[in-house]
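Asks: What follows is a structure written as structure tokens; I'll ask about it next.
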Amino acid sequence: MKIILAEGDITEQSVDAIVNAANSSLMGGGGVDGAIHRRGGPEILEECRALRASRYGKGLPTGQAVATTAGRLPARWVIHTVGPVYSRSEDRSHLLASCYRESLHVADSLGAATVAFPAVSTGIYRWPMEDAARIALSAVRQAGSGVAQSAVREVRFVLFNPGAYAVFERALEQMG
Ligand code: AR6
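Here it is, written out as structure tokens:
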């Protein structure tokens, strides 16, 4: 599995699957979620509604992932995952790592070979970028190795500004 860093807007990425930093309601929101629904069009929300009416009556739990169409985006699927809200008093790292692991699991079940991730939880959910980068990169790297390894060929982290890109670049270097 190749890990690539890019700076830009995730909704412009031509990949098999784009990951959305959603919330449990799956009904849209701000940040990446808002941009994906705006550019992807109403088909995405329609499928999210159907998921809420069937498998996820109580919403998508934190750390889990589910796919819908990507509507008009230049991707085939959107994989929605719910990151944890950052807490200084409680370690929720396992939930953040789970977002990456479960998203790749869903990507495998779809047959997606290329997947773009935003830095989940680092916006409205306030997770510090350096820590989030370390958790994201090591979760993805772990999923790409070992016996039950993911078949995803390329994971692209799409960072929204130069600062976030630099943090991910440093974290990747430090991992060796
Ligand atoms: N492309 C790539 N990255 C982006 C984009 C974009 N178009 N827009 C923002 N970012 P956030 P969260 C970066 O807030 O923290 C929503 O309301 C942003 O700079 O999108 O997981 C949901 O509905 C930040 O680094 O997601 C939830 O309620 C990162 O993406 C809640 O926000 C994640 O920021 C989820 O919060």
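So the sequence shown is numbered by my numbering: it starts at 82 and just counts up by one. For glycine and all other residues, C-beta sits at the position ideal for the given N, C-alpha and C.
Nearest-angstrom Cα distance between Thr56 and Ala156?
Replies: A question about residue 56 goes unanswered here, because the residues of the chain that appear run from 82 up to 257.
Asks: Consider the C-beta atom of Phe249 and the heavy atoms of ligand 1; say whether any pair is separated by less than 7 Å.
Replies: Outside the cutoff, so no.
Asks: Take the Cβ of Ile117 as the centre, count every other Cβ of all protein chains shown within 10 Å, and call the residue buried at 16 or more, exposed below.
Replies: Under this definition Ile117 is a buried residue.
Asks: Over the uninterrupted alpha helix (DSSP H) stretch that includes Ala247, give me the two end residues.
Replies: That run of the alpha helix (DSSP H) goes 243 to 256.
Asks: Cα separation between Ser219 and Leu126?
Replies: The alpha-carbon atoms of Ser219 and Leu126 are separated by roughly 31 Å.
Asks: Under the rule that 16 or more other beta-carbon atoms within 10 Å means buried, what is Gln145, buried or exposed?
Replies: That one is buried.
Asks: Kindly provide the chain-ordered list of residues whose Cβ lies closer than 6 Å to any non-hydrogen atom of ligand 1.
Replies: Taking each Cβ in turn, the ones that pass are Asp90, Ile91, Thr92, Ala102, Ala103, Asn104, Gly110, Gly111, Gly112, Val113, Asp114, Ala116, Gly164, Pro199, Ala200, Val201, Ser202, Thr203, Gly204, Ile205, Tyr206, Val239, Phe241, Ala245.
Asks: Please list the terminal residues of the continuous beta strand (DSSP E) segment that includes Glu88.
Replies: Run containing Glu88: 83 to 88, per the beta strand (DSSP E) assignment.
Asks: Output needed for Ser174: all residues of its chain with C-beta closer than 6 Å, excluding positions within five of it in sequence on either side, in chain order.
Replies: Same-chain partners within the cutoff: Ile216.
Asks: Helix, strand or coil: which one does DSSP assign to Val239?
Replies: Val239: strand per DSSP, three-state reduction.
Asks: For the 8 Å Cβ check, are there 3 or more pairs between the region 190 to 207 and the region 87 to 99?
Replies: At 8 Å Cβ cutoff, the stretches touch.
Asks: Given a cut-off of 8 Å on the beta-carbon distance, is the pair Gly140 and Ser179 in contact?
Replies: Not in contact: Gly140 and Ser179 (Cβ atoms no closer than 8 Å).
Asks: Where does Asp97 fall in DSSP's three states?
Replies: Of the three classes helix, strand and coil, the one that applies to Asp97 here is strand, per DSSP.
Asks: What residue range is occupied by the uninterrupted alpha helix (DSSP H) comprising Val166?
Replies: Unbroken run through Val166: none, as it is neither H nor E.
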